Amino acid sequence: MHLTRTARIVLGCITAAGLALIYVPLLLVLLNSLNADPSFAWPPGALTGEWWRRALHNTGARDALWTSLRAGLCATALALVLGSLAAFAVHRHRFFGRQTVSFLIVLPLALPGIVTGIALNAAFRTVLTPLGIGFGLFTVVVGHATFCVVIVFNNVAARLRRIGPSLAEASADLGARPGQTLRHVTFPALRPALFAGALLAFALSFDEVVVTTFTAGAGTRTLPIWIYENLARPHQAPVVNVVAALLIALSVLPVRAAQRLSSDPAGGRL
19 MHLTRTARIV
29 LGCITAAGLA
39 LIYVPLLLVL
49 LNSLNADPSF
59 AWPPGALTGE
69 WWRRALHNTG
79 ARDALWTSLR
89 AGLCATALAL
99 VLGSLAAFAV
109 HRHRFFGRQT
119 VSFLIVLPLA
129 LPGIVTGIAL
139 NAAFRTVLTP
149 LGIGFGLFTV
159 VVGHATFCVV
169 IVFNNVAARL
179 RRIGPSLAEA
189 SADLGARPGQ
199 TLRHVTFPAL
209 RPALFAGALL
219 AFALSFDEVV
229 VTTFTAGAGT
239 RTLPIWIYEN
249 LARPHQAPVV
259 NVVAALLIAL
269 SVLPVRAAQR
279 LSSDPAGGRL
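To convert, count from 1 in the sequence shown and add 18; that's the numbering used here.
1) Hey, how far is the Cα of T238 from the Cα of V227?
2) In the DSSP assignment, the alpha helix (DSSP H) including L179 goes from what residue to what residue?
3) Between I266 and T118, what straight-line distance do the alpha-carbon atoms span, to the nearest angstrom?
4) First and last residue of the alpha helix (DSSP H) that includes G36?
5) Count the other CB atoms within 10 Å of the CB of L37; is the residue buried (16 or more) or exposed (fewer)?
6) Measure from the alpha carbon of L78 to the alpha carbon of each residue in L241, G131 and V174, then state which is nearest.
7) Report the rounded CA-to-CA distance for N259 versus T147, giving the unit in angstroms.
8) Per DSSP, N53 forms a beta bridge with which residues?
9) Anyone know if the C-beta pair for A211 and R251 falls short of 8 Å?
10) What's the C-alpha gap between G286 and H202?
11) I'd like the span of the alpha helix (DSSP H) that includes H109, first residue to last.
12) Using DSSP with H/G/I as helix, E/B as strand and the rest coil, what is A284?
13) Would you check if the segment 134 to 143 and the segment 156 to 164 touch, i.e. whether three or more CB-CB distances between them fall below 8 Å?
14) Compute the distance between the beta-carbons of L127 and V168, then report whether it is under 8 Å.
15) Only counting the same chain, and skipping five residues up and downstream in sequence, which positions put a Cβ closer than 6 Å to that of N248?
16) What residue does the alpha helix (DSSP H) around T134 start on, and which one ends it?
17) Cα separation between A216 and L39?
18) In angstroms with no decimal places, state the Cα-to-Cα distance between G193 and P206.
19) Name the residue from V28, T24, L44 and A35 whose alpha carbon lies nearest to the alpha carbon of A12.
20) Are A104 and F171 closer than 8 Å when you measure CB to CB?
21) Is T204 buried or exposed, if buried means 16 or more other CB atoms sit within 10 Å of its CB?
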């Protein structure tokens with residue numbers, strides 16, 4: 019499609035404005051993490067690494083980070099198993115109510131987080147509390163898995179629709195057993211979808227605030243909850259900016275890895 023010079027200029031300006039809206043606030047966070055003024059005076063009168071030193075020695079931030087990592091990894095592992103099995107069941111088999119099952123699996127991602135959080139809180143109090151299981155890391159993992167399963171399910175289902183059942187049927191015709199077909203044919207074809215789904219699920223779990231608030235209990239603090247609680251504290255705000263800056267920097271690596279893995283050699287997308 020040919021665009022006029024005026025159209026290209028307009029589209030370029032709109033694109034630049036959109037990118038600026040996304041990335042200028044992120045750059046401000048990075049600069050404020052080095053701003054010597056704890057009130058974030060602008061422009062910065064001087065730069066300092068003091069806030070970075072304090073952040074690295076902040077036990078609350080380190081504990082919250084470790085909690086977030088454990089919750090994210092456990093929720094992602096659970097989502098990979100349940101989401102993959104659900105995708106195979108829905109897209110490789112025909113049974114009564116298949117579309118209803120698919121709808122019910124995807125629904126939690128569309129529900130407001132506060133609705134999911136309230137529902138999970140009530141369910142945990144009704145089912146787990148009488149069994150002596152209190153709110154903590156376990157309930158956070160279960161809560162995060164409710165929407166992480168959807169991410170893996172959608173990725174695997176899309177990949178299954180793309181490859182179709184013909185590869186597995188050809189493998190069976192050549193004498194391969196089901197386990198061999200899964201290991202040598204199906205899994206390599208699904209690997210990019212599984213990896214991308216795992217990254218997205220982990221990112222959503224790591225960033226979750228609303229559901230975590232209702233499922234964590236008083237003694238469990240993930241990193242987003244720690245940031246939310248400390249942002250309004252005068253002496254902690256610069257440290258919060260450092261933590262946010264670190265998260266921005268670390269987010270680049272998995273996103274780039276997922277982008278490279280989901281690209282085919284011709285430059286398209288799998």
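We treat Cβ as the ideally placed atom computed from N, Cα and C, and that holds for glycine.
Computed from a prediction, not measured in an experiment: that's the story for all the values here.
So, from the data block:
1) Cα to Cα, the separation comes out at about 12 Å.
2) One point to set straight first is that residue 179 is Arg, not Leu, in the sequence displayed. Element bounds for R179: L155 to I181.
3) 39 Å
4) R23 to N50
5) exposed
6) Rather than Leu, the amino acid found at residue 78 in this sequence is Gly. Nearest option by C-alpha distance: L241.
7) 37 Å
8) L65
9) Taking 8 Å as the cut-off, the beta carbon of A211 is found no closer than this to the beta carbon of R251.
10) Note on G286: pLDDT 45, under 50, position unreliable in the model; the coordinate value appears next. So the two alpha carbons sit approximately 24 Å from each other.
11) From DSSP, the alpha helix (DSSP H) with H109 extends over T77 to R110.
12) Because the pLDDT at A284 is just 44, under 50, the model does not fix this residue reliably, and the point stays unresolved.
13) yes
14) yes
15) Q254 and V258
16) Where T134 is concerned, the enclosing alpha helix (DSSP H) stretches over G131 to V145.
17) 28 Å
18) 19 Å
19) Lying before the first or after the last residue shown, residue 12 is absent from the chain, which here runs from 19 to 288.
20) yes
21) buried
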